[in-house]
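Please read the structure below before turning to the comments.
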Amino acid sequence: LYQVVKKNLEQHGNRTALVCDDEQVTFADLLKMFQRYAAGFQGHGMKKGDKVLVHLDNSLENLIAMYSVIFAGGVAVLSSPRFSNENLLIKIQDCNASFVLTTASEAHRFRDMRDQLDLKGYFTVGTAEGFVSVTEFKTLDENTYEEIPVEDVKNEVVLLIYTSGTTGRPKTIEHTHYSIVARLPSGCHYLFDDQDIIASWISITTLLGFRLYLCASYTGAKTVFFSESACTEQMLDAIKKYKVTTLVERFTTILQLAKTIEDEGIRLNYLKKVIFTGIKATLGVVKKLEPSFDSSIVKNCYASNEIGWVCQPPMGASKWYGIGFPAPMAQIKIVDIKTKKILGPNEQGELLVKTPSSMRGYYGNPEATSQAITPDGWVRSGDICYYNED
1 LYQVVKKNLE QHGNRTALVC DDEQVTFADL LKMFQRYAAG FQGHGMKKGD
51 KVLVHLDNSL ENLIAMYSVI FAGGVAVLSS PRFSNENLLI KIQDCNASFV
101 LTTASEAHRF RDMRDQLDLK GYFTVGTAEG FVSVTEFKTL DENTYEEIPV
151 EDVKNEVVLL IYTSGTTGRP KTIEHTHYSI VARLPSGCHY LFDDQDIIAS
201 WISITTLLGF RLYLCASYTG AKTVFFSESA CTEQMLDAIK KYKVTTLVER
251 FTTILQLAKT IEDEGIRLNY LKKVIFTGIK ATLGVVKKLE PSFDSSIVKN
301 CYASNEIGWV CQPPMGASKW YGIGFPAPMA QIKIVDIKTK KILGPNEQGE
351 LLVKTPSSMR GYYGNPEATS QAITPDGWVR SGDICYYNED
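Heads up: the sequence shown begins at 1 in UniProt numbering, then just goes up one per residue.
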(Lines of atoms letter the chains of each structure in order from A and count residues from 1; the text may use other names and numbers.)
(Lines give C-alpha, C1' and ligand atoms only; values in the text may rest on other atoms or scores of the structure.)
Protein backbone atom coordinates (compact mmCIF):
# COMPACT_ATOMS: atom_id res chain seq x y z
CA LEU A 1 0.00 0.00 0.00
CA TYR A 2 2.78 2.43 0.90
CA GLN A 3 4.53 1.96 -2.44
CA VAL A 4 1.36 2.76 -4.39
CA VAL A 5 0.57 5.81 -2.27
CA LYS A 6 4.15 7.10 -2.47
CA LYS A 7 4.29 6.79 -6.26
CA ASN A 8 1.06 8.72 -6.79
CA LEU A 9 1.70 11.44 -4.23
CA GLU A 10 5.09 12.08 -5.84
CA GLN A 11 3.42 12.21 -9.25
CA HIS A 12 0.87 14.83 -8.17
CA GLY A 13 3.53 16.94 -6.44
CA ASN A 14 2.74 20.47 -5.26
CA ARG A 15 -0.95 20.51 -6.14
CA THR A 16 -3.42 20.68 -3.25
CA ALA A 17 -4.43 17.23 -2.03
CA LEU A 18 -6.64 17.79 1.03
CA VAL A 19 -8.57 20.61 2.63
CA CYS A 20 -10.27 20.40 6.05
CA ASP A 21 -11.57 23.43 7.95
CA ASP A 22 -9.54 25.60 5.53
CA GLU A 23 -6.31 23.81 6.48
CA GLN A 24 -4.61 22.53 3.32
CA VAL A 25 -1.79 20.17 2.37
CA THR A 26 -0.19 19.39 -1.00
CA PHE A 27 0.41 15.87 -2.27
CA ALA A 28 4.18 16.28 -1.78
CA ASP A 29 3.81 17.51 1.80
CA LEU A 30 1.23 14.82 2.52
CA LEU A 31 3.82 12.17 1.67
CA LYS A 32 6.35 13.82 3.99
CA MET A 33 3.78 13.92 6.78
CA PHE A 34 2.97 10.23 6.30
CA GLN A 35 6.67 9.40 6.53
CA ARG A 36 7.24 11.58 9.62
CA TYR A 37 4.26 10.25 11.53
CA ALA A 38 5.09 6.67 10.57
CA ALA A 39 8.68 7.24 11.76
CA GLY A 40 7.29 8.58 15.03
CA PHE A 41 5.15 5.50 15.57
CA GLN A 42 8.12 3.26 14.80
CA GLY A 43 10.27 5.23 17.22
CA HIS A 44 7.76 4.52 19.98
CA GLY A 45 7.82 0.77 19.51
CA MET A 46 5.23 0.06 16.82
CA LYS A 47 6.15 -3.13 14.98
CA LYS A 48 4.85 -4.91 11.92
CA GLY A 49 1.47 -6.48 12.65
CA ASP A 50 0.76 -4.50 15.83
CA LYS A 51 -2.95 -3.72 16.02
CA VAL A 52 -3.84 -0.11 16.77
CA LEU A 53 -7.32 1.04 17.76
CA VAL A 54 -7.73 4.16 15.61
CA HIS A 55 -10.35 6.15 17.50
CA LEU A 56 -10.56 9.45 15.62
CA ASP A 57 -12.96 11.95 14.15
CA ASN A 58 -12.42 14.01 11.00
CA SER A 59 -9.47 16.39 10.81
CA LEU A 60 -6.45 16.72 8.55
CA GLU A 61 -3.98 15.60 11.21
CA ASN A 62 -6.22 12.70 12.25
CA LEU A 63 -6.35 11.45 8.66
CA ILE A 64 -2.56 11.68 8.35
CA ALA A 65 -2.07 9.79 11.62
CA MET A 66 -4.53 7.05 10.62
CA TYR A 67 -2.83 6.12 7.35
CA SER A 68 0.60 6.50 8.96
CA VAL A 69 -0.23 3.68 11.38
CA ILE A 70 -0.36 1.33 8.38
CA PHE A 71 2.78 2.78 6.79
CA ALA A 72 4.57 2.17 10.12
CA GLY A 73 3.66 -1.52 9.82
CA GLY A 74 0.62 -1.47 12.09
CA VAL A 75 -2.89 -2.76 11.50
CA ALA A 76 -5.51 0.00 11.83
CA VAL A 77 -8.58 -1.08 13.81
CA LEU A 78 -11.18 1.53 12.90
CA SER A 79 -13.21 2.98 15.76
CA SER A 80 -15.56 5.91 16.30
CA PRO A 81 -16.15 8.39 19.15
CA ARG A 82 -19.80 7.32 18.97
CA PHE A 83 -18.96 3.90 20.47
CA SER A 84 -19.68 3.33 24.16
CA ASN A 85 -16.90 2.64 26.68
CA GLU A 86 -18.08 -0.95 26.96
CA ASN A 87 -17.98 -1.30 23.20
CA LEU A 88 -14.46 0.14 23.04
CA LEU A 89 -13.18 -2.21 25.72
CA ILE A 90 -14.63 -5.23 23.90
CA LYS A 91 -13.05 -4.14 20.60
CA ILE A 92 -9.60 -3.60 22.13
CA GLN A 93 -9.64 -6.98 23.84
CA ASP A 94 -11.28 -8.84 20.95
CA CYS A 95 -8.68 -7.79 18.38
CA ASN A 96 -5.70 -8.01 20.77
CA ALA A 97 -4.78 -4.36 20.22
CA SER A 98 -1.28 -3.23 21.19
CA PHE A 99 -1.85 0.54 20.95
CA VAL A 100 -4.59 3.16 21.04
CA LEU A 101 -4.57 6.28 18.85
CA THR A 102 -7.15 8.87 19.81
CA THR A 103 -7.78 12.60 20.19
CA ALA A 104 -7.08 14.75 23.24
CA SER A 105 -10.83 15.14 23.84
CA GLU A 106 -11.36 11.36 23.89
CA ALA A 107 -8.20 10.41 25.83
CA HIS A 108 -9.95 10.35 29.22
CA ARG A 109 -12.11 7.43 28.12
CA PHE A 110 -9.06 5.22 27.62
CA ARG A 111 -7.32 6.56 30.71
CA ASP A 112 -10.28 5.36 32.77
CA MET A 113 -9.98 1.80 31.44
CA ARG A 114 -6.20 1.40 31.67
CA ASP A 115 -6.44 -0.97 34.62
CA GLN A 116 -8.37 -3.38 32.40
CA LEU A 117 -5.91 -3.21 29.50
CA ASP A 118 -2.41 -4.44 28.79
CA LEU A 119 -1.22 -2.24 25.92
CA LYS A 120 2.21 -1.22 24.69
CA GLY A 121 1.29 2.44 24.44
CA TYR A 122 -1.21 5.25 24.04
CA PHE A 123 -1.05 7.96 21.36
CA THR A 124 -3.06 11.13 21.00
CA VAL A 125 -3.46 13.87 18.41
CA GLY A 126 -2.86 16.97 20.49
CA THR A 127 -1.76 16.58 24.11
CA ALA A 128 -3.16 14.52 26.97
CA GLU A 129 -1.57 13.36 30.23
CA GLY A 130 -0.09 9.88 29.93
CA PHE A 131 -0.30 9.83 26.12
CA VAL A 132 2.41 10.27 23.50
CA SER A 133 1.53 13.30 21.37
CA VAL A 134 1.72 12.40 17.68
CA THR A 135 1.48 16.11 16.88
CA GLU A 136 5.17 16.29 17.77
CA PHE A 137 5.91 13.82 14.96
CA LYS A 138 5.37 16.52 12.32
CA THR A 139 8.81 17.99 13.10
CA LEU A 140 10.67 14.69 12.65
CA ASP A 141 12.98 14.01 9.70
CA GLU A 142 11.00 12.05 7.09
CA ASN A 143 14.23 10.31 6.08
CA THR A 144 14.23 8.41 9.39
CA TYR A 145 11.16 6.45 8.24
CA GLU A 146 11.87 2.80 7.51
CA GLU A 147 9.57 1.21 4.94
CA ILE A 148 8.21 -2.13 6.12
CA PRO A 149 8.63 -4.92 3.54
CA VAL A 150 5.43 -6.72 2.54
CA GLU A 151 6.01 -10.39 1.80
CA ASP A 152 2.46 -11.60 1.13
CA VAL A 153 0.16 -8.84 -0.15
CA LYS A 154 -2.91 -11.09 -0.24
CA ASN A 155 -2.64 -12.19 3.39
CA GLU A 156 -0.93 -9.37 5.30
CA VAL A 157 -3.75 -7.45 6.97
CA VAL A 158 -3.70 -3.64 7.12
CA LEU A 159 -7.22 -2.90 8.31
CA LEU A 160 -9.82 -4.30 10.70
CA ILE A 161 -13.37 -2.96 10.77
CA TYR A 162 -16.35 -4.19 12.75
CA THR A 163 -19.69 -5.08 11.22
CA SER A 164 -22.79 -3.34 12.55
CA GLY A 165 -24.03 -6.47 14.27
CA THR A 166 -27.57 -5.99 12.94
CA THR A 167 -27.77 -9.70 12.08
CA GLY A 168 -25.99 -11.01 15.18
CA ARG A 169 -22.79 -10.46 17.17
CA PRO A 170 -20.49 -7.97 15.38
CA LYS A 171 -17.72 -9.58 13.35
CA THR A 172 -14.31 -8.15 12.51
CA ILE A 173 -13.59 -7.77 8.79
CA GLU A 174 -10.00 -8.17 7.59
CA HIS A 175 -8.69 -6.19 4.64
CA THR A 176 -5.21 -6.73 3.23
CA HIS A 177 -2.73 -4.72 1.16
CA TYR A 178 -4.15 -6.53 -1.86
CA SER A 179 -7.83 -5.84 -1.19
CA ILE A 180 -7.24 -2.13 -0.58
CA VAL A 181 -4.81 -1.53 -3.47
CA ALA A 182 -6.75 -3.63 -6.02
CA ARG A 183 -9.56 -1.07 -6.17
CA LEU A 184 -7.31 1.91 -6.86
CA PRO A 185 -6.16 1.69 -10.52
CA SER A 186 -9.43 1.05 -12.34
CA GLY A 187 -12.12 1.80 -9.78
CA CYS A 188 -10.87 5.23 -8.72
CA HIS A 189 -10.33 6.61 -12.21
CA TYR A 190 -13.86 5.50 -13.08
CA LEU A 191 -15.18 7.87 -10.39
CA PHE A 192 -12.69 10.76 -10.32
CA ASP A 193 -9.86 12.39 -12.25
CA ASP A 194 -7.19 14.94 -11.40
CA GLN A 195 -9.48 17.83 -12.36
CA ASP A 196 -12.14 16.88 -9.82
CA ILE A 197 -12.72 18.73 -6.57
CA ILE A 198 -14.44 16.33 -4.19
CA ALA A 199 -16.37 17.17 -1.03
CA SER A 200 -17.43 14.74 1.69
CA TRP A 201 -18.49 14.62 5.33
CA ILE A 202 -17.98 10.85 5.57
CA SER A 203 -15.99 9.72 8.60
CA ILE A 204 -12.36 8.75 8.00
CA THR A 205 -12.81 5.74 10.32
CA THR A 206 -15.49 4.09 8.20
CA LEU A 207 -14.37 1.80 5.39
CA LEU A 208 -16.13 4.06 2.90
CA GLY A 209 -14.20 7.07 4.18
CA PHE A 210 -10.91 5.18 4.39
CA ARG A 211 -11.22 4.06 0.77
CA LEU A 212 -12.66 7.36 -0.49
CA TYR A 213 -9.88 9.67 0.72
CA LEU A 214 -7.25 7.18 -0.42
CA CYS A 215 -8.92 6.88 -3.82
CA ALA A 216 -9.16 10.65 -4.29
CA SER A 217 -5.47 11.13 -3.51
CA TYR A 218 -4.59 8.31 -5.88
CA THR A 219 -6.28 10.05 -8.82
CA GLY A 220 -4.88 13.50 -8.03
CA ALA A 221 -8.26 15.01 -7.19
CA LYS A 222 -8.50 17.73 -4.55
CA THR A 223 -10.61 16.63 -1.59
CA VAL A 224 -12.47 18.97 0.76
CA PHE A 225 -13.64 17.05 3.80
CA PHE A 226 -15.45 18.25 6.87
CA SER A 227 -15.09 17.83 10.61
CA GLU A 228 -18.05 16.07 12.19
CA SER A 229 -19.08 19.32 13.90
CA ALA A 230 -19.60 21.05 10.55
CA CYS A 231 -23.17 22.17 9.85
CA THR A 232 -25.00 22.24 6.54
CA GLU A 233 -24.28 25.95 6.06
CA GLN A 234 -20.54 25.42 6.57
CA MET A 235 -20.53 22.57 4.09
CA LEU A 236 -22.33 24.64 1.46
CA ASP A 237 -19.97 27.59 2.04
CA ALA A 238 -16.99 25.29 1.38
CA ILE A 239 -18.67 23.70 -1.66
CA LYS A 240 -19.15 27.19 -3.13
CA LYS A 241 -15.71 28.46 -2.10
CA TYR A 242 -13.79 25.56 -3.64
CA LYS A 243 -16.18 25.07 -6.60
CA VAL A 244 -16.71 21.41 -5.80
CA THR A 245 -17.40 19.20 -8.82
CA THR A 246 -18.18 15.92 -7.04
CA LEU A 247 -20.11 15.35 -3.82
CA VAL A 248 -19.79 11.94 -2.13
CA GLU A 249 -22.17 11.56 0.79
CA ARG A 250 -24.70 9.56 2.74
CA PHE A 251 -28.17 10.04 1.28
CA THR A 252 -29.49 11.63 4.49
CA THR A 253 -26.82 14.35 4.27
CA ILE A 254 -27.62 14.95 0.60
CA LEU A 255 -31.29 15.44 1.54
CA GLN A 256 -30.31 18.05 4.15
CA LEU A 257 -28.12 19.87 1.65
CA ALA A 258 -30.84 19.76 -1.01
CA LYS A 259 -33.38 21.35 1.34
CA THR A 260 -31.05 24.21 2.26
CA ILE A 261 -30.08 24.77 -1.38
CA GLU A 262 -33.75 24.99 -2.38
CA ASP A 263 -34.73 27.19 0.58
CA GLU A 264 -31.92 29.66 -0.10
CA GLY A 265 -32.03 29.55 -3.89
CA ILE A 266 -28.40 28.48 -4.21
CA ARG A 267 -27.03 27.47 -7.62
CA LEU A 268 -24.11 25.05 -7.91
CA ASN A 269 -23.48 25.03 -11.66
CA TYR A 270 -20.01 23.51 -11.31
CA LEU A 271 -21.31 20.40 -9.48
CA LYS A 272 -21.22 17.49 -11.95
CA LYS A 273 -21.69 14.37 -9.79
CA VAL A 274 -23.58 13.62 -6.57
CA ILE A 275 -22.63 10.11 -5.46
CA PHE A 276 -24.23 8.27 -2.56
CA THR A 277 -24.32 4.77 -1.14
CA GLY A 278 -25.86 3.04 1.86
CA ILE A 279 -29.42 2.81 0.51
CA LYS A 280 -31.13 1.64 -2.66
CA ALA A 281 -32.96 4.62 -4.11
CA THR A 282 -35.63 4.65 -6.81
CA LEU A 283 -35.85 7.35 -9.46
CA GLY A 284 -38.88 8.66 -7.60
CA VAL A 285 -36.81 9.17 -4.44
CA VAL A 286 -34.00 10.83 -6.40
CA LYS A 287 -36.50 13.19 -8.06
CA LYS A 288 -37.17 14.61 -4.57
CA LEU A 289 -33.70 16.15 -4.71
CA GLU A 290 -34.76 18.37 -7.60
CA PRO A 291 -34.45 21.28 -8.23
CA SER A 292 -31.37 21.35 -5.97
CA PHE A 293 -29.66 18.44 -7.74
CA ASP A 294 -30.71 17.40 -11.24
CA SER A 295 -31.42 13.67 -11.27
CA SER A 296 -29.03 13.25 -14.22
CA ILE A 297 -26.00 13.93 -11.96
CA VAL A 298 -27.18 11.84 -8.98
CA LYS A 299 -25.49 8.42 -8.83
CA ASN A 300 -26.51 5.57 -6.48
CA CYS A 301 -23.61 3.15 -5.89
CA TYR A 302 -23.73 -0.19 -4.08
CA ALA A 303 -20.92 -1.27 -1.76
CA SER A 304 -20.37 -3.23 1.44
CA ASN A 305 -17.66 -3.48 4.08
CA GLU A 306 -17.00 -7.12 3.25
CA ILE A 307 -16.90 -6.75 -0.52
CA GLY A 308 -16.06 -3.16 -1.34
CA TRP A 309 -17.57 -1.58 -4.46
CA VAL A 310 -20.14 -3.90 -6.07
CA CYS A 311 -22.12 -1.85 -8.61
CA GLN A 312 -22.08 1.68 -9.95
CA PRO A 313 -23.90 3.53 -12.74
CA PRO A 314 -22.12 5.25 -15.65
CA MET A 315 -20.80 8.55 -14.31
CA GLY A 316 -21.35 10.47 -17.55
CA ALA A 317 -24.81 9.16 -18.41
CA SER A 318 -27.92 11.32 -17.97
CA LYS A 319 -30.25 8.30 -17.85
CA TRP A 320 -31.13 6.83 -14.43
CA TYR A 321 -29.55 3.38 -14.11
CA GLY A 322 -30.25 2.71 -10.42
CA ILE A 323 -27.16 1.06 -8.95
CA GLY A 324 -25.97 0.47 -12.50
CA PHE A 325 -23.57 -2.26 -13.56
CA PRO A 326 -20.89 -4.39 -11.89
CA ALA A 327 -18.00 -2.24 -10.71
CA PRO A 328 -14.57 -2.65 -12.34
CA MET A 329 -13.10 -6.08 -11.51
CA ALA A 330 -16.34 -7.24 -9.86
CA GLN A 331 -18.09 -10.41 -11.08
CA ILE A 332 -21.62 -11.00 -9.83
CA LYS A 333 -24.15 -13.80 -9.89
CA ILE A 334 -27.61 -14.30 -8.44
CA VAL A 335 -28.34 -17.70 -6.88
CA ASP A 336 -31.44 -19.37 -5.52
CA ILE A 337 -31.37 -19.17 -1.72
CA LYS A 338 -32.25 -22.84 -1.24
CA THR A 339 -30.84 -24.69 -4.25
CA LYS A 340 -27.85 -22.35 -4.94
CA LYS A 341 -28.73 -22.62 -8.65
CA ILE A 342 -27.56 -19.65 -10.73
CA LEU A 343 -30.55 -17.54 -11.77
CA GLY A 344 -31.23 -15.54 -14.91
CA PRO A 345 -32.53 -12.02 -15.61
CA ASN A 346 -35.37 -10.71 -13.41
CA GLU A 347 -35.16 -13.68 -11.02
CA GLN A 348 -34.65 -12.74 -7.38
CA GLY A 349 -32.00 -14.47 -5.30
CA GLU A 350 -28.92 -13.83 -3.19
CA LEU A 351 -26.17 -11.75 -4.75
CA LEU A 352 -22.67 -13.26 -4.71
CA VAL A 353 -19.62 -11.25 -5.73
CA LYS A 354 -16.06 -12.13 -6.68
CA THR A 355 -13.62 -9.23 -6.64
CA PRO A 356 -10.02 -8.66 -5.52
CA SER A 357 -11.22 -5.81 -3.28
CA SER A 358 -13.19 -8.13 -0.98
CA MET A 359 -12.16 -9.04 2.56
CA ARG A 360 -9.75 -11.83 3.44
CA GLY A 361 -12.25 -13.03 6.04
CA TYR A 362 -13.45 -12.40 9.59
CA TYR A 363 -10.67 -12.04 12.15
CA GLY A 364 -10.48 -15.00 14.51
CA ASN A 365 -13.71 -16.48 13.15
CA PRO A 366 -13.03 -19.22 10.57
CA GLU A 367 -16.58 -20.55 10.85
CA ALA A 368 -18.15 -17.22 9.89
CA THR A 369 -15.54 -16.81 7.15
CA SER A 370 -16.40 -20.17 5.60
CA GLN A 371 -20.09 -19.27 5.67
CA ALA A 372 -19.44 -15.92 3.96
CA ILE A 373 -16.87 -16.96 1.33
CA THR A 374 -17.33 -19.99 -0.92
CA PRO A 375 -14.35 -22.31 -1.58
CA ASP A 376 -13.93 -20.76 -5.04
CA GLY A 377 -13.83 -17.18 -3.73
CA TRP A 378 -17.38 -15.85 -4.09
CA VAL A 379 -18.50 -13.61 -1.22
CA ARG A 380 -22.12 -13.87 -0.10
CA SER A 381 -23.70 -10.44 0.22
CA GLY A 382 -26.78 -11.49 2.19
CA ASP A 383 -28.80 -9.18 -0.07
CA ILE A 384 -31.69 -10.26 -2.29
CA CYS A 385 -31.22 -8.81 -5.78
CA TYR A 386 -32.00 -9.33 -9.44
CA TYR A 387 -30.61 -8.02 -12.72
CA ASN A 388 -32.42 -7.21 -15.95
CA GLU A 389 -31.62 -7.82 -19.62
CA ASP A 390 -29.58 -4.59 -19.84
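By construction, the Cβ of each residue, glycine as well, lies at the ideal position given by its N, Cα and C atoms.
Start and end residues, beta strand (DSSP E) containing residue i
{"i": "D94", "result": "Unbroken run through D94 is the alpha helix (DSSP H), 85 to 94; no beta strand (DSSP E)."}
{"i": "H175", "result": "172 to 176"}
{"i": "A372", "result": "Where A372 is concerned, there is no enclosing beta strand (DSSP E), although the alpha helix (DSSP H) it sits in stretches over 366 to 372."}
{"i": "L247", "result": "246 to 250"}
{"i": "R169", "result": "It is not in any beta strand (DSSP E) - R169 carries neither H nor E in the DSSP assignment."}
{"i": "V134", "result": "Here V134 belongs to no beta strand (DSSP E), and DSSP marks it neither H nor E."}
{"i": "D390", "result": "Counting along the chain, D390 falls outside any beta strand (DSSP E), and DSSP gives it neither H nor E."}
8 Å Cβ cutoff met for residue i and residue j
{"i": "K323", "j": "E350", "result": "According to the sequence displayed, residue 323 carries Ile and not Lys. No, they are not a contact pair."}
{"i": "K47", "j": "G13", "result": "no"}
{"i": "S304", "j": "S381", "result": "yes"}
{"i": "Q42", "j": "E156", "result": "no"}
{"i": "K273", "j": "T253", "result": "no"}
{"i": "M113", "j": "N85", "result": "yes"}
{"i": "A104", "j": "V134", "result": "no"}
{"i": "Q256", "j": "T277", "result": "no"}
{"i": "G361", "j": "E151", "result": "no"}
{"i": "H55", "j": "E106", "result": "yes"}
{"i": "L119", "j": "V132", "result": "no"}
{"i": "L343", "j": "I334", "result": "yes"}
{"i": "L18", "j": "L31", "result": "no"}
{"i": "E249", "j": "W201", "result": "yes"}
{"i": "A97", "j": "L140", "result": "no"}
{"i": "A258", "j": "L283", "result": "no"}
{"i": "I198", "j": "V224", "result": "yes"}
Coil, strand or helix - residue i by DSSP
{"i": "L351", "result": "strand"}
{"i": "H189", "result": "helix"}
{"i": "P356", "result": "coil"}
{"i": "K222", "result": "strand"}
{"i": "Q11", "result": "helix"}
{"i": "I202", "result": "coil"}
{"i": "V153", "result": "coil"}
{"i": "F210", "result": "helix"}
{"i": "I254", "result": "helix"}
{"i": "F306", "result": "Per the sequence shown, the amino acid found at residue 306 is Glu instead of Phe. E306 falls in the coil class under three-state DSSP."}
{"i": "I180", "result": "helix"}
{"i": "S296", "result": "helix"}
{"i": "G361", "result": "strand"}
{"i": "A327", "result": "coil"}
{"i": "S217", "result": "helix"}
{"i": "E23", "result": "strand"}
{"i": "R82", "result": "coil"}
{"i": "T339", "result": "coil"}
{"i": "E162", "result": "It is Tyr, not Glu, that sits at residue 162 in the sequence shown. In the structure shown, Y162 sits in a strand (DSSP, three-state: E or B)."}
{"i": "I261", "result": "helix"}
{"i": "Q195", "result": "coil"}
{"i": "A17", "result": "strand"}
From the options, residue whose alpha carbon lies closest to that of residue i
{"i": "K138", "options": "W201, I148, N62", "result": "N62"}
{"i": "V69", "options": "T103, A39, Y190", "result": "A39"}
{"i": "N87", "options": "Y162, D237, G45, P291", "result": "Y162"}
{"i": "L247", "options": "A221, D263, G265", "result": "A221"}
{"i": "S229", "options": "L53, D57, F34, K32", "result": "D57"}
{"i": "K6", "options": "Q331, Y178, A28", "result": "A28"}
{"i": "P81", "options": "I64, S292, R109, F99", "result": "R109"}
{"i": "T102", "options": "M66, L119, L117", "result": "M66"}
{"i": "L159", "options": "H177, D152, I148", "result": "H177"}
{"i": "L1", "options": "K340, K287, S217", "result": "S217"}
{"i": "M33", "options": "I198, A317, F71, V379", "result": "F71"}
{"i": "D376", "options": "T219, V353, E389", "result": "V353"}
{"i": "P170", "options": "L283, N388, G364, E389", "result": "G364"}
{"i": "F293", "options": "I279, P314, T282, E262", "result": "E262"}
{"i": "A49", "options": "G121, F123, V379, I148", "result": "One detail in the question is off: residue 49 reads as Gly in this sequence, not Ala. For G49, the nearest C-alpha among the options comes from I148."}
{"i": "K340", "options": "K319, A317, S318, T374", "result": "T374"}
{"i": "K154", "options": "G130, K241, S179, S164", "result": "S179"}
{"i": "N8", "options": "L184, Y270, G284, V75", "result": "L184"}
{"i": "L60", "options": "Y386, K299, T205", "result": "T205"}
{"i": "L268", "options": "E290, K288, I279, K240", "result": "K240"}
{"i": "I297", "options": "K280, A317, T282", "result": "A317"}
Residue range of the alpha helix (DSSP H) that includes residue i
{"i": "I64", "result": "60 to 71"}
{"i": "K32", "result": "27 to 43"}
{"i": "G49", "result": "No alpha helix (DSSP H) contains G49, which DSSP labels as neither H nor E."}
{"i": "D237", "result": "232 to 241"}
{"i": "G121", "result": "First-last for G121: 121 to 125, but that is the beta strand (DSSP E), not the alpha helix (DSSP H)."}
{"i": "G284", "result": "283 to 287"}
{"i": "R114", "result": "No alpha helix (DSSP H) contains R114, which DSSP labels as neither H nor E."}
Original post:
Would you call the region 79 to 93 and the region 18 to 32 touching, i.e. three or more CB-CB distances under 8 Å?
Top reply: no
**OP:** Evaluate the contact criterion for the region 207 to 214 versus the region 230 to 247: three or more CB pairs, one atom per stretch, below 8 Å.
**Re:** no
Subject >> the region 304 to 320 touching the region 355 to 375, judged by at least three CB pairs closer than 8 Å >> reply: yes
**OP:** Count the C-beta pairs between the region 184 to 204 and the region 325 to 340 that are closer than 8 Å, then say yes if the count reaches three, no if not.
**Re:** When C-beta atoms of the region 184 to 204 are compared with those of the region 325 to 340, three or more pairs fall below 8 Å, so the two segments count as touching.
Subject >> the region 338 to 349 contacting the region 360 to 373, beta-carbon criterion three pairs below 8 Å >> reply: no
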